[in-house]
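Protein chains in written order, with my numbering: chain A, 1 to 157; chain B, 1 to 314; chain C, 1 to 339.
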């Protein structure tokens, strides 16, 4: 189990994780119950299936301040809804390539297949993703500008 | 009047007289030089309004949305592919439309002629491969090939692939399938590409002309206008415009037929091809999906293979 | 009357270096010209035809934040955004756009609910209107009581005399701006003025508006609206580039802890424009929306504010993807209607 190291700059990434109910969320749960350590930077949103995650959701998360987005689902062939993750796979691949194409740091969006039994894998995935986002630094390119309440004061979200 | 145009009018007249259709949607002369516009003909005697020339750009497939009766539609190659897609997506039944096919050599982009003249065109005449245009005393004779809608230069579907009747067999040489500009764009650094993309979409005024002209944007409630949930804010804040265009491009991924209407109608000249063509290229490269008239085939995001590319996945 | 003249290069140099004002002018943005603050490196488009979109965005931006709010315990603390009080000088406005602002003034300066965002900008903006020597084939300002050399709404009136400009101050604001720009003093109006004016007015194509505003009152249910609107795509191009269109939508862009209230342009061409909170929509079909647009401009606005909400700039005609032509619509309805 690797220790979580706080960033020397004091900035910690905010990573949104869309986890499918039946596999990845259960896997995350297992990681917790088994006391596998992983950075607390991930904010989990449970969805019924990775196929439910639309590019608009991922883009919106990035736009509203997420430094990274993870989408995790059942292994291909094991989807609780039979084929949801197959559709997700194509969508997510095309999206990541599109973002890279327009010059956004495509590494801000990450994908994994994590089953309900893979608690350790889940923890490892989060550690890896967190490291990747740490390296990229805070997201600045595709972020919604909010008018500050007082001049110079950043709005918190 | 060309032989094609003559045949087109005769065909339309016959269809209406024989009550094969109740409406013919085609092109008529517009109120500006080098402009045509969609026209809706319900009486045989009105068929002389129909024209077929190098200014017939509109993708008429978009006008089928609310049509209840049997309709005849004038279709170019790109338009016929849009029709095929609508049938594929169950928005249209094949029997509902009688497709009058016209082979196309490419359509003139009025905007590029306006740029050439420096102002709106005052008069124009068509002479086969060239055209003579003038404004404010300045007259120029231009080669049509040099002023085509950009997508026409890359068109490989000059003749309609789904039709009931063709008005002529002549179709010009096919364009180059590969988008050189896409390759050039890919050579740029990520920062340069972001700069280009953001500069282009910063011109957007959220008029939604690109969306409305697209025959395949037929959702009754568009994500861009929903408030529950609010997917994207209205207005011209940069990241909202970027989100709108990236998402709409995505909604067209694997479905877009490359007619180029979105580019033609944009009043600000936003270059959307940079994202649309990338998605089209990826659908071809990763999944072997090319634009097709096959109405049985499923579109890219509507299908999958068990061994689809997945190097991104942990 | 204060008059100044410059060669064209001198003029451009002076306005680029103008102190005390934010300078706006037609700026070339790829293939179109738009009114924008002049930045270094910008290409100015004075010698080109009118801008793609109108000057209204200078006083009435497409997106503007009205105020912000932040959660404070159980309450929300509202913070106003200071009004835009920047002194602006807009050069290169055509007479049609200048006249359109008079129409917007009627709407935004309402006695009961004046719009402070627009009015504050209006107070602090000086307009240097350039006479139009080369109307486009889509222009029809003269049929609306305006003209390519109309001075309505101008603080400064500028003659384009080929290789140089001559400007006249028409208001106090205009005098102040002219002083700031500097240039060679001139005693008289240019002698070529009348000839140029007549030639320009002659070049503007005529549209028979006739008695349309009055006739429209009885044409609400005319079947002609169906055929007029059939090819309309229902996009917002015409409304957004139109100098006189002014409809807007106010929305809250809200997060959990804070948010802002924003005003955006809106267009009656969009179905959601007239959608009620209940889900009912009084205008479900395109012909109802086209009717609304035409009647608003040529009948309702006349009844409410005494002027037609169209200045004949022709932008909608040039940019409509389906070649909807307002001139054609006007003449068709005018001929069909009974007084």
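Ideal placement from N, C-alpha and C gives every residue a C-beta, glycine not left out. If you're wondering where the values come from, they're calculated on a predicted model, not measured in any experiment.
Query                                                                                                                                                                                            : Result
Look at residue 84 (chain B) and residue 295 (chain B) and say whether their C-beta atoms are less than 9 Å apart.                                                                               : yes
List in chain order: all unbroken beta strand (DSSP E) runs of 3+ residues lying wholly within the segment 230 to 285 of chain C.                                                                : 248 to 254, 258 to 265
Listed from N- to C-terminal order along the chain, which residues in the segment 231 to 249 of chain B have their beta-carbon within a distance smaller than 9 Å of any beta-carbon of chain A? : 231, 232, 233, 237, 238, 239, 240, 242, 243, 246, 247, 249
Less than 9 Å between the C-beta atoms of residue 322 (chain C) and residue 58 (chain B), yes or no?                                                                                             : yes
Chain B beta carbons: is any one of them nearer than 9 Å to that of residue 86 (chain A)?                                                                                                        : yes
With a cut-off of 9 Å, does the C-beta of residue 52 (chain C) fall near any C-beta of chain B?                                                                                                  : yes
Looking at the strands, I want to know which residues DSSP matches up with residue 6 (chain C).                                                                                                  : C:165
Looking at the unbroken alpha helix (DSSP H) that takes in residue 213 (chain C), where does it start and where does it end?                                                                     : 212 to 216
Please report the distance separating the alpha-carbon of residue 216 (chain C) from that of residue 290 (chain C).                                                                              : 13 Å
Buried or exposed: which applies to residue 268 (chain B), given that a residue is buried once 16 or more other Cβ atoms fall within 10 Å of its Cβ?                                             : buried
Taking the straight line between their C-alpha atoms, what separation do you get for residue 212 (chain B) and residue 245 (chain B)?                                                            : 13 Å
Measure the beta-carbon distance from residue 69 (chain C) to residue 258 (chain C) and round it to whole angstroms, keeping in mind my assumption that it falls under 8 Å.                      : 6 Å
Give the secondary structure of residue 113 (chain A) by DSSP, where H, G and I count as helix, E and B as strand, and everything else as coil.                                                  : strand
Roughly how many whole angstroms lie between the Cα atoms of residue 234 (chain C) and residue 268 (chain C)?                                                                                    : 9 Å
Can you tell me whether residue 68 (chain C) is helix, strand or coil according to DSSP?                                                                                                         : strand
Run the CB neighbour count on residue 37 (chain A), radius 10 Å, all protein chains shown included, and call it buried at 16 or more, exposed below.                                             : exposed
So within the segment 87 to 139 of chain C, which uninterrupted alpha helix (DSSP H) runs reach at least 4 residues, ignoring any that extend past its ends?                                     : 95 to 108, 116 to 123
Buried or exposed: which applies to residue 11 (chain A), given that a residue is buried once 16 or more other Cβ atoms fall within 10 Å of its Cβ?                                              : exposed
Output, in sequence order along the chain, the residues in the segment 45 to 71 of chain B whose CB is closer than 8 Å to any CB in chain C.                                                     : 58, 62, 63
Can you have a look at residue 254 (chain C) and say buried or exposed, based on whether 16 or more other CB atoms are within 10 angstroms of its CB?                                            : exposed
Do residue 47 (chain B) and residue 82 (chain B) have their beta-carbon atoms positioned less than 9 Å apart in this structure?                                                                  : no
Going by the DSSP bridge assignment, what does residue 185 (chain C) pair with across the sheet?                                                                                                 : C:4
For chain B, is any of its Cβ atoms less than 9 Å away from the one on residue 31 (chain C)?                                                                                                     : yes
What is the residue span of the alpha helix (DSSP H) that residue 27 (chain A) lies within?                                                                                                      : 24 to 33
Does DSSP put residue 3 (chain B) in a helix, in a strand, or in coil?                                                                                                                           : helix
Under DSSP, the beta strand (DSSP E) around residue 28 (chain C) begins and ends at which residues?                                                                                              : 22 to 29
Note down the Cα distance separating residue 325 (chain C) from residue 31 (chain B), rounded to an integer number of angstroms.                                                                 : 7 Å
Assuming residue 258 (chain B) contacts residue 280 (chain B) (C-beta within less than 8 Å), just tell me the rounded distance between them.                                                     : 7 Å
Hey, residue 72 (chain A) and residue 20 (chain A) are a contact pair by Cβ (cut 8 Å); roughly how many whole angstroms apart?                                                                   : 7 Å
Can at least three beta-carbon pairs, one atom from the segment 103 to 120 of chain A and one from the segment 21 to 30 of chain A, be found at a separation below 8 Å?                          : yes
For the segment 130 to 142 of chain C, which residues have a beta carbon sitting closer than 7 Å to at least one beta carbon of chain B?                                                         : 134, 136, 137, 138
Evaluate the contact criterion for the segment 305 to 318 of chain C versus the segment 142 to 157 of chain C: three or more CB pairs, one atom per stretch, below 8 Å.                          : yes
Flag this pair as yes or no: are the beta carbons of residue 111 (chain A) and residue 62 (chain A) separated by less than 9 Å?                                                                  : no
At a Cβ cut of 7 Å, what residues of the segment 199 to 215 of chain B count as close to chain C, listed as they run along the chain?                                                            : 203, 205, 207, 208, 209, 212, 213
Using the Cα positions of residue 150 (chain A) and residue 66 (chain C), report the straight-line distance between them to the nearest angstrom.                                                : Interpretation of residue 150 (chain A) is limited by its pLDDT of 35, a score under 50 that renders its predicted location unreliable; the figure taken from the coordinates is listed afterwards. Going by the C-alpha atoms only, they are around 14 Å apart.
I need the straight-line Cα distance from residue 163 (chain C) to residue 8 (chain C), nearest angstrom please.                                                                                 : 6 Å
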